[in-house]
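Keeping their order, the protein sequence lines are chains A and B.
For the record, in the first sequence the residue sitting at position 142 is 142 according to my numbering, with numbers rising by one throughout.
To get my numbering, take the position in the second sequence, counting from 1, and add 510.
Protein chains: 2
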Amino acid sequence: MSITKPSLPKGTRDFSPQEMVKRNYIFDTIKTVFKKYGYAEIQTPSMENLQTLTGKYGDEGDKLIFKILNSGEYIDKNSVEIIQKITQSFQENNVQIGSFDNSTNKVSTEIPVSLDDLNIFNALSGAENAKTNYRLLINQLTPKISEKALRYDLTVPFARYVVMHQSEISFPFKRFQVQPVWRADRPQKGRYREFYQCDADVVGSPSLLNEAEFILIYHEALKNLGLKDFTIKINNRKILSGIAEIIGKPELIVDMTVAIDKLDKIGFDGVTKELLERGFSNADIEKLKPVILLQGANEEKLLSLKSVLATSTIGLKGIEEIETVFNYVSKLTTHNTQLATTIELDITLARGLNYYTGCIFEVKTNEVAMGSIGGGGRYDDLTGMFGLKDLTGVGISFGADRIYDVLEELNLFPASAAQGTKVLISNFDEIAELYALPILQQLRAANISAELYPSAAKLKKQMSYADAKNIPYVILIGGDEMNSGLLTLKDMESGDQQKLDIAAIISKLN
Amino acid sequence: MSITKPSLPKGTRDFSPQEMVKRNYIFDTIKTVFKKYGYAEIQTPSMENLQTLTGKYGDEGDKLIFKILNSGEYIDKNSVEIIQKITQSFQENNVQIGSFDNSTNKVSTEIPVSLDDLNIFNALSGAENAKTNYRLLINQLTPKISEKALRYDLTVPFARYVVMHQSEISFPFKRFQVQPVWRADRPQKGRYREFYQCDADVVGSPSLLNEAEFILIYHEALKNLGLKDFTIKINNRKILSGIAEIIGKPELIVDMTVAIDKLDKIGFDGVTKELLERGFSNADIEKLKPVILLQGANEEKLLSLKSVLATSTIGLKGIEEIETVFNYVSKLTTHNTQLATTIELDITLARGLNYYTGCIFEVKTNEVAMGSIGGGGRYDDLTGMFGLKDLTGVGISFGADRIYDVLEELNLFPASAAQGTKVLISNFDEIAELYALPILQQLRAANISAELYPSAAKLKKQMSYADAKNIPYVILIGGDEMNSGLLTLKDMESGDQQKLDIAAIISKLN
C-alpha cells in the first residue's frame, strides 16, 4: 500500500476530546430541554433513497446532495455483466440518444431510438456530437450508478419516517433528532460539508400551544447554555400574505419578502430600489413603508398591523395567531418576567417563505456578532410530498456550530476537566505500580474516573500528560507513601500537595 | 414532484423513540465506563478521502466501501467543462486505451496512447472493442467521479487522526469513539449496511496494563448492562506463532489458525481434515492435538503450553504476556472474586490474525445463543499505514447491535418510561387549558418532563396518547379540580386516582 500524508475531505472536521466535551455539553443541554417538553428522540439512516430526497430542496439544493455510488459494482470483476444490465435497461426504457437541448438543459424525448449493445457505444462516436453524447451517457448512467444519497437535512427524512411509520405513531408526534447532515456546499468559514442539525418538530397538532412552547424551549435551552441576551424573532406567513394582498400584489409576495428581508443589511432605500426592480410601484412602496418600518413594542406593532390589514382576512388571521402565541407564552411564564423582553415581532422575517405557512421563528444572540443561531416555523403539509395529506407540522432547529462559536467567544463553556479523568496515579517503578493497582480499583469503585500512568516514565512526562489531559489531581506514590499508607495528592491547578490515606482522597475527590 | 411510497435503502434502519431510549442506554453505559478508565471521546467525519481507506481492509473489504460521487458535478450545467477536465487529465496521465486483458482482468499498460477530446470518444466505437473500451472508460472514470467514501470502521480513521494530530496529542492517547460505519455487505438478519461501532483504543503504550484494563472495562460495562454470565476470551498471537514454530511450519500459521479457529463448529475431526488439506502432516497434527484440545483452568493451560512451547522464544513470550495480563487483572480485582471466572485462555481464538500482533480478545454471552458481542487486540503498527512508525496500539470494540438483541431477549432494559414524559395534563376545554398552563410551567420548573395535550380531544384519545408514549401519570383538570385546586392525578399503570394540590403532585413525581 502506498503511504501518503493523510488529509481530510474539504469541509469536514475531526473533533478532539476537548471539542467533543464542549459539543456534548451543547447537545446534552438542548436534548434535556426537548425531553422536558415531551419530545422523544428518533434517528434515521444517514443514507436515503435518492428519490426520497430529490425535488425537495429546489434545483440548487438538489445539486448539493451527496450521492453514493452503487456499491462496488464499478470496480469489481463483473463489469461486463453490469454493462449488459445497463444496455438492457437502456433498451427496456427506450432510451433516447443524440438530441440534447442545450437551451433547456434537458434531453429531448422526441425521437426514441431502440438500442443494442453496440449502438450505445457507436452513438458515442462522431466529432459533432461527442460532448453532447458524453453528457447523455453520464445522464443516463447517473441513476444507474447512484440510487442513494446522504441526508441533506432532518426534515425530509422525518416526513419520510412519519409516512412509513404512521400506523405505529400516536399523533401528535413530538420528536427531536440530533444527527449530522451533508451538503456539497463550497466550504468557507463556519460552513461545513458535514454538520449536525438539532431539530424538534411536532406533527399532527394545529394548536398554537406548540409554537408557544418552542419559544420557551429556545429560551430555556439558551439560558441553560449561559446566554443572557438574545432575541427570539417571530413572524407569520399569513401576515406577509395579508400585506401583499393589501397593496394589491398577492402574486408578488415572494419578491416582496425577499426584498424586505434585507432591511437590516441594505436599509430602507435599498429595499425601495429592490422593490421597484421587482415590479412594485412607488404607490405600493408608500403603502408598504409603515409596515416595513414598524416600530415599538410588540403590542404597538400588532395594533398598527391590525389597522393596516383591516380588510385582509388572511392578514388578520396571521395577527390573531401571533396574539394567541403571545397569550400562551404569557400564561406559561407567569413567574418569569424576563422572558417577554426577548420575543420580538419582526415582519421582515421570511426564512424560506415557500416552506412555512404559519408562524416563523428566528433566534439571534445580542452578545456576539453572528447570524441566526436557530430558526423554524409551521408548514401545513409536511408529509404531502410522500402522499400523506393534511398533517400539519411545526418545528425548530438549533444551529449547534454557531452556538459553539458563541459560547467559545463568551467563554461560557464549563470547566471541561470535570468531564475527563479526575485523578492520575503516577508510576515510579514496578513496586509502586503493583502498590497502585488496588488503589486504582478503589478509586474506580467509588465512581472516580482514574488512570494509572502505564509505564515508569520520567515524572516530568507523567505530569505533562496530566496537564495535557486537564487532569486536576495526581497521586504520587513513592517509598514514603508505601511505608506510611499516606499518599501524596497533588492539586494540579494550585500545585498544593497533601498526604492523605486513600479513604480521605476518595472523599475529597467525590 | 412525483409522489411515491417512500422506503429505506436496503440494510438501513429507522430508530423509534422506544428504540432510541434503549440504544442510548447501551451507549451511555459503555461510555461511562470508558470515561471512568480515562478514555476521552473523539469523532471523525463520516467521509474520508478514498485513498485513506482503500488498501486497508483487503480486496474484499475494498469492495464493500461506499463511495461518494463527486458533488453534483455530473448533473449540473458544467458537464462540458467537466469533460474537458477529464480529457485533460487523461492526457496528462497518458491514459491507455484499447488493451484490456481479460485473463488478468487488468488494463495493459504496454501501449500508451495520447488522447484528445475526440479520441476518447472515438476510441469507444468499434464493435470488437466496445465492451472493453466501455469498461476502460468506467475504470478511468471512477477515480474522477469519486474521491471520497464513507468510513468502513473506526480504526483506520483513528490511525489517520493520530497521524494528523500527532503534535497536539500527549501520548499514550486513550480515546473512545462511538459512531456509525457503513459497509456494502449483503444485508441479512443482524447485518446492516449502517451500524454503530463502539471502540476504545490506546495508542503509544506497550504496557500490558492496558490489556488488563480492557478486560475490566468489558467486565464492568457488561455487568452494568445487567449481563450475568459471559466469557472474556483471551489469546496471544505470539502463542500461535510459537505453536506453528514448534511443529516446524511457521509459514503455515495462517492456515493453522484458520483451521483451529473452527474447532467449536466442526470438532477435532473436522479440524484434522482441514489441517491435512492445508498442508499439515499427520505427525504435525499429532503435535498440535494437545494444544488444540487444551483443557482445564487457565493456570493448567498455561502450564501445558509452557512445556509444549519450551523451545520457542516467541511462544514463551506470548505466555509471559498472558501471565502479566492475568497478574494485573488479579491485582485490580482484589475485592472481586467473581471476575476471574469469566476470563478464559482460548488458543483457538484468532480474529483477523494478520492484524493483531499481541493479545487478542473476544467476548461471548453464555445466556443467549449469539456470536461474539465484543472483540479486539493489540496491533503493533497502527499508524504505519500513514507513515508514522513504531506506535503500538491496543483496542476493543463492543457489538452494540448484538448487545441490544441480547438485552431485549433477556428483558434487561430498564423501564423506558423513566426517560420520557413523566406526566400529561389532559385538556378538557379552553378554560381548563388556560388553567393548566401555569401548572405546566410549575412542573417543568421542578424539572419534571411534562406535556399539556394540545387540543380538547376526546379523553379516550388523550389517554391512548399517554399509553402509547408510556407516560406514567396523567393530571385530569375539570370543573371540580379548578374550583378546589385539588387536581386528579391518575397512575396509568395501577389506574389509581388521587386528588392532590400541585405542590403534592410535584413532590410525588420528583
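Using N, Cα and C, we set each Cβ at its ideal position, and we do this for glycine too.
Start and end residues, beta strand (DSSP E) containing glutamine 707/B: 704-713
Extent of the continuous beta strand (DSSP E) to which threonine 488/A belongs: 487-491
Between the CA atoms of aspartate 201/A and alanine 955/B - distance to the nearest angstrom: 22 Å
For methionine 674/B, the first and last residue of its enclosing beta strand (DSSP E): From DSSP, methionine 674/B is part of no beta strand (DSSP E) but of the alpha helix (DSSP H) over 665-674.
Chain B within 8 Å of valine 163/A, Cβ atoms only: yes
Length at least 4, wholly inside the stretch 253-296 of chain A: the alpha helix (DSSP H) runs in chain order: 253-260, 263-277 and 282-292
Partners in chain A for threonine 562/B, counting only beta-carbon separations shorter than 7 Å: Pro6
Span separating the alpha-carbon of alanine 978/B from that of serine 167/A: 12 Å
Nearest to isoleucine 870/B (by Cα), restricted to the options Ile832/B, Ala807/B and Ile941/B: Ile832/B
Beta-carbon separation (whole angstroms), threonine 522/B vs proline 45/A, contact threshold 8 Å: 4 Å
Cβ neighbours of glutamine 1007/B in the same chain (closer than 6 Å, five flanking residues each side left out): Thr998 and Lys1000
Contact the stretch 34-51 of chain A vs the stretch 208-219 of chain A: 3+ CB pairs below 8 Å: yes
Identity of the residue in Asp405/A, Phe398/A and Arg193/A nearest valine 368/A by Cα: Asp405/A
Contact list for aspartate 524/B against chain A, beta-carbon separation under 8 Å: Ile42, Gln43, Thr44, Pro45, Tyr161, Met164 and His165
Cutoff 8 Å: glutamine 972/B Cβ touching any chain A Cβ: no
From Lys566/B, Pro690/B and Phe668/B, residue whose alpha carbon lies closest to that of phenylalanine 537/B: Pro690/B
Residue-chain proximity (proline 438/A, chain B), Cβ-Cβ < 8 Å: yes
Rounded Cβ spacing between valine 537/A and leucine 391/A (contact assumed at less than 8 Å): The structure shown does not extend to residue 537/A, since chain A is modelled only from 1 through 510, so no value can be given for it.
Neighbourhood of isoleucine 439/A by C-beta, 8 Å cutoff - its chain only, sequence neighbours within 5 removed: Ile425, Ile475, Ile477, Leu487 and Ile502
Backbone secondary structure at isoleucine 507/B - three-state DSSP: The question about residue 507/B has no answer, for chain B in this structure spans 511 to 1020.
Beta-ladder partner(s) of methionine 895/B, from DSSP: Note: methionine 895/B sits in no beta bridge, so no partner.
Length-filtered (3 minimum) beta strand (DSSP E) runs lying within the stretch 309-369 of chain A: 343-345 and 359-365
Selected residue, minimal CA-CA separation from serine 507/A, among Lys458/A, Leu293/A and Lys422/A: Lys422/A
Interface residues of the stretch 828-843 of chain B facing chain A [CB-CB below 8 Å]: Tyr838, Lys841, Leu842 and Thr843
Check whether isoleucine 239/A and threonine 311/A have beta carbons under 8 Å apart: no
Beta-carbon proximity list for proline 667/B, same chain, < 7 Å, skipping 5 on both sides: Thr554, Glu558 and Arg661
Any chain A beta carbon closer than 8 Å to glutamate 1003/B: no
Phenylalanine 576/B - DSSP class collapsed to helix/strand/coil: coil
Contact check, lysine 331/A vs leucine 944/B, beta carbons under 8 Å: yes
Inter-residue Cα distance where the pair is glutamine 197/A and threonine 231/A: 20 Å
Unbroken alpha helix (DSSP H) run spanning tyrosine 25/A, endpoints: 17-36
Valine 1059/B versus valine 818/B - alpha carbon distance: For residue 1059/B there is no data in the structure shown, the boundaries of chain B being 511 and 1020.
Residue-chain proximity (alanine 978/B, chain A), Cβ-Cβ < 8 Å: yes
Closest residue to glutamine 528/B among Ile981/B, Glu991/B and Gly1005/B (Cα-Cα distance): Ile981/B
Distance between isoleucine 578/B and leucine 647/B (C-alpha atoms, nearest Å): Its pLDDT being 49, under 50, leucine 647/B is placed unreliably by the model, and the measurement read from it follows with that caveat. If I take the Cα positions, the gap works out to 18 Å.
Status (buried if at least 16 other CB within 10 Å, exposed otherwise) for glutamate 493/A: exposed
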